[in-house]
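K.L.:
Each residue of the sequence shown is one higher than the one before, starting from 77 at the first, in this note's numbering. For each residue, glycine too, the CB sits at the ideal point set by N, CA and C. Because the structure is a prediction, the values reported are computed rather than measured.
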Amino acid sequence: MNSPEPGNVIPPATPPASAPVTPPERDRLSASLLGGGCEPDPRFTLANERTFLAWIRTALAFLAGGIAVEAFTSDVFSPGLRRAVALSLLVLALLVSASACVRWLKVERAMRQRKPLPLPVLVPILSMGGALVAAGLIVFLIYGAS
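In structure tokens, the structure reads:
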């Protein structure tokens, strides 16, 4: 490849760094949900979305578990216990799903307003809920089987 002769300069393909770049305006719904501020680095927004989707997968697992317990354990658990375990898993699915949406929005707003990220409410809910369901099943398996 031939290099330019000393006096001929190839113009840059992109505008210089000093040129202001104005992002497109958001629609009214997005602006009201996100609460203003400046656009964060897209990598952080995408990481926030991946975290949201991970929580949704967790909620779907609880949902599937609740349905499976109700549908396939009639010969293992008494009807009352089966219904309690299934409902516990379904309530956890609902809480995780709703909290994931709220968490995504709070983190997105915090990034746009350059504020500290909020503490996750999902982690203690999930930990305590899962521990209670597991403890109930352990008690049943130890004392209910005899």
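To the nearest angstrom, how far is the alpha carbon of Phe-120 from that of Gln-189?
P.N.:
Locating residue 120 in the sequence shown gives position 44, where the first residue counts as 1. Locating residue 189 in the sequence shown gives position 113, where the first residue counts as 1. Each residue's Cα considered, the two are about 13 Å apart.
K.L.:
How long is the line joining the alpha carbons of Ser-108 and Ile-214, rounded to whole angstroms?
P.N.:
Residue numbering aside, residue 108 sits at position 32 when the sequence shown is read from its first letter. Residue numbering aside, residue 214 sits at position 138 when the sequence shown is read from its first letter. Near 47 Å, if we compare the C-alpha coordinates of Ile-214 and Ser-108.
K.L.:
Where does the unbroken alpha helix (DSSP H) through Lys-182 begin, and where does it stop?
P.N.:
Taking the first residue of the sequence shown as position 1, residue 182 is located at position 106. 155-188 is the span of the alpha helix (DSSP H), which, as asked, contains Lys-182.
K.L.:
Tell me, to the nearest whole angstrom, how far the beta carbon of Ala-135 is from that of Ser-173; I am working on the premise that it is less than 8 Å.
P.N.:
Start at 1 with the first residue of the sequence shown, and residue 135 comes out as number 59. Start at 1 with the first residue of the sequence shown, and residue 173 comes out as number 97. Confirmed, Cβ separation roughly 4 Å.
K.L.:
What residue range is occupied by the uninterrupted alpha helix (DSSP H) comprising Thr-134?
P.N.:
Taking the sequence shown and counting its residues from 1, the one referred to as residue 134 is at position 58. Counting along the chain, the alpha helix (DSSP H) containing Thr-134 begins and ends at 118-148.
K.L.:
Among Leu-202, Asp-103, Pro-118, Ser-154, which residue has its Cα nearest to the Cα of Leu-166?
P.N.:
Within the sequence shown, residue 166 is the residue found at index 90, counting from 1. Checked all of Leu-202, Asp-103, Pro-118, Ser-154; the closest Cα to Leu-166 is Leu-202.
K.L.:
Output the distance between the C-alpha atoms of Gly-113 and Thr-149, rounded to the nearest integer angstrom.
P.N.:
Stepping through the sequence shown from its first residue, residue 113 is reached at position 37. Stepping through the sequence shown from its first residue, residue 149 is reached at position 73. Using only the alpha carbons, I get a separation of about 51 Å.
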